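All residue numbers for the sequence shown refer to the working numbering, where the first residue is 23 and numbers rise by one.
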Amino acid sequence: MALTSELGKQIKLKEVEGTLLQPATVDNWSEIQSFEAKPDDLLICTYPKAGTTWIQEIVDMIEQNGDVEKCQRTIIQHRHPFIEWARPPQPSVLVLRRCFLLNYFKGVEKAKAMPSPRILKTHLSTQLLPPSFWENNCKFLYVARNAKDCMVSYYHFQRMNHMLPDPGTWEEYFETFINGKVVWGSWFDHVKGWWEMKDRYQILFLFYEDIKRDPKHEIRKVVQFMGKNMDETVIDKIVQETSFEKMKENPMTNRSTVSKSIMDQSISSFMRKGTVGDWKNHFTVAQNERFDEIYRKKMEGTSINFCMEL
Ligand code: A3P
23 MALTSELGKQ IKLKEVEGTL LQPATVDNWS EIQSFEAKPD DLLICTYPKA
73 GTTWIQEIVD MIEQNGDVEK CQRTIIQHRH PFIEWARPPQ PSVLVLRRCF
123 LLNYFKGVEK AKAMPSPRIL KTHLSTQLLP PSFWENNCKF LYVARNAKDC
173 MVSYYHFQRM NHMLPDPGTW EEYFETFING KVVWGSWFDH VKGWWEMKDR
223 YQILFLFYED IKRDPKHEIR KVVQFMGKNM DETVIDKIVQ ETSFEKMKEN
273 PMTNRSTVSK SIMDQSISSF MRKGTVGDWK NHFTVAQNER FDEIYRKKME
323 GTSINFCMEL
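As structure tokens, then:
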């Protein structure tokens, strides 16, 4: 599937089992699928734009016992290897690649090089996850965000991210999203799949909206899930340091270090609004009715419930 980006660049997405993925991911698919998880791995799992960066920063703050300086050691994208991420070599780094840095841009290689216990990240659905994560009964931390806010956030992200196809108009994107024709596939299948697995594996299933409403309560759940003991004062500090306002100003989380040719934050900020219910500023009444109807059909039989506004 080829889609033209704003720069006029052709972004040729590829598919695995009907799910659109970035071409470099698909080109490295057998290596990704054969990735060997370890029993003490913790995997952060999300659908794109569900609050991945937010939960990563929370998890890292817990891991570092609330030490802000330690969390500043590197940008968030480098702290938790993104297992399906692969990036083809850029012309300027071909020379470096010849210097045996052959796998530098592969998430699986970064994960392999990481000492245990590892904290890793994925956007993959349950269906596409490397099987060794299930076989090793790893811990999974899943964050779900309501579909309408995810759609809005993804739309603005595709506008500013030149590695992804141009989303077109909001009306066009509405169709693209409900048909699951976005990178990492259908929101409905992703959320349903992880929800259905949650009682069979060690999955802590959280909601973006709950973290927003009562961060301390949800952070306590993560602390417990990670098997840590933590003073209330440290938890309070983590709540403060992982607020939207703090993370928007933090160069280690706000993607300001990413080149404008990849993410143009003059089009839309990576830390855009960080709210629940922004969908109301985008959906028309007709779109909302249609979406609700589609949602009912696609999510039929699931017990999951989302908060749509705070
Ligand atoms: P919006 O575009 O709605 O603002 P991801 O990290 O999965 O790409 O998700 C990005 C979304 O999470 C963006 O949503 C971003 O603003 C929001 N986000 C990031 N950090 C946040 C925080 N500390 N509190 C609330 N929302 C946050």
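C-beta atoms are modelled at their ideal positions from N, C-alpha and C, and glycine is treated no differently. Nothing here was measured: the structure is a model prediction, and the numbers come from that model.
Classified as buried, residue 143 has 16 or more neighbouring CB atoms from the shown chains inside 10 Å of its CB.
About 7 angstroms separates the beta carbons of residue 41 and residue 147, which is inside the 8 angstroms limit, making them a contact pair.
Taking 4 residues as the minimum length, the alpha helix (DSSP H) runs contained wholly in the region 27-84 are 45-49, 51-55, in order along the chain. Between the region 67-76 and the region 163-183, the count of Cβ pairs shorter than 8 angstroms is three or higher; the stretches touch. Distances taken from the Cβ of residue 147 to the heavy atoms of ligand 1 include none shorter than 7 angstroms. Annotation: residue 164 is outside any alpha helix (DSSP H); the continuous beta strand (DSSP E) that includes it extends over 161-166. The way I'd put it, the region 262-277 does touch the region 73-90; three or more beta-carbon pairs between them come closer than 8 angstroms. About 12 angstroms separates the beta carbon of residue 184 from that of residue 290, a gap too long to meet the 8 angstroms contact definition. Residue 190 has its Cβ no nearer than 7 angstroms to any heavy atom of ligand 1. Annotation: residue 91 to residue 39 spans about 42 angstroms, alpha carbon to alpha carbon. DSSP, read as helix, strand or coil, puts residue 303 in helix. Linking residue 322 to residue 212 through their CA atoms gives a straight-line distance of about 14 angstroms.
Judged by beta-carbon spacing, residue 152 lies beyond the 8 angstroms limit of residue 62, meaning their Cβ atoms are not closer than that value. Between the beta-carbon of residue 223 and that of residue 167 there is about 21 angstroms, and that puts the pair past the 8 angstroms contact cut. The DSSP-derived three-state label of residue 225 is strand.
Across the structure, residue 67 and residue 217 are spaced so that their CA atoms are roughly 12 angstroms apart.
The criterion of a C-beta distance shorter than 8 angstroms is satisfied by residue 33 and residue 186. When DSSP states are grouped into helix, strand and coil, residue 234 belongs to the helix group. Here DSSP, grouped into helix, strand and coil, assigns residue 136 to coil. Residue 200 carries a helical assignment under DSSP once its states are collapsed to helix, strand and coil. The beta carbon of residue 80 sits closer than 7 angstroms to those of 241, 244, 260, 264, all from its chain and outside the five residues before and after it, given in chain order. Distances from the CB of residue 293 to the heavy atoms of ligand 1 include at least one below 7 angstroms. Per the coordinates, the alpha-carbon of residue 319 lies some 43 angstroms from the alpha-carbon of residue 93. Per the coordinates, the alpha-carbon of residue 256 lies some 27 angstroms from the alpha-carbon of residue 292. Apart from the 5 residues on each side of it in sequence, residue 235 sits with its Cβ closer than 7 angstroms to the Cβ of 332 in its chain, given in chain order. Per the coordinates, the alpha-carbon of residue 238 lies some 33 angstroms from the alpha-carbon of residue 200.
Counting the other Cβ atoms within 10 Å of the Cβ of residue 157 gives fewer than 16, which makes it exposed.
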